Every structure is written in C-alpha cells, then in structure tokens.
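So the structure is just underneath, and the comments pick up after that.
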Amino acid sequence: MKKYRVKYDFNEEIEIEADTEKEAEKMAWEMLRETIHECGFGVDVEEIEDEEEE
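Following our numbering, the numbering of the sequence shown begins with 3 at its first residue and continues without gaps.
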C-alpha cells in the first residue's frame with residue numbers, strides 16, 4: 003500500500019494510504035463529502051410549481 007498526498011482546493015492537505023492513485027482520489031472525495039456533511043453544508047432541492055396565469 004502506498005501513501006498519497008491529497009491537496010484540496012481550499013488549501014487543506016491530508017495523507018491517505020491506498021494501493022493506487024485512483025483509489026486515493028476516490029477516498030479523498032469520500033472524505034470531502036463527509037466533511038462537508040458534518041459542517042452542515044449541503045443542498046436543498048425544492049420543486050417549484052408553475053404559476054397559472056388568470
């Protein structure tokens with residue numbers, strides 16, 4: 003298993019142990035998703051109904 007350094011665009015740097023660079027990137031994305039979720043960031047989706055013209 004190799005270690006990879008991952009730099010996020012917001013100047014965060016971590017080390018990940020993985021077999022391949024692609025696996026390290028996948029793990030980094032998953033960690034980023036978890037961090038975003040833990041910080042309360044997310045997306046809200048709401049359907050917008052068309053207003054009927056009278």
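Note that the Cβ used here is the ideal one computed from N, Cα and C, for glycine as well. On a predicted model such as this, the values are computed, not experimentally measured, just so you know.
What is the C-beta distance between residue i and residue j, in whole angstroms, given that I count them as a contact (C-beta under 8 Å)?
i     : j    : result
Ala20 : Lys4 : 7 Å
In its own chain, which residues sit with a C-beta less than 6 Å from the C-beta of residue i, not counting the 5 before and 5 after it?
i     : result
Ala26 : Tyr6, Ile18, Ala20
Ile16 : Val8
Would you give the residue range spanned by the alpha helix (DSSP H) that residue i belongs to?
i     : result
Ile1  : Residue 1 lies beyond the stretch modelled for the chain, which goes from 3 to 56, so this question has no answer here.
Glu25 : 23-40
Which first and last residues belong to the beta strand (DSSP E) in which residue i is found?
i     : result
Tyr6  : 4-9
Glu19 : 15-20
Give a single yes or no on whether residue i has its beta carbon closer than 6 Å to a heavy atom of the ligand MG.
i    : result
Lys4 : The ligand content of the structure shown is nil, which means the ligand MG is not present either.
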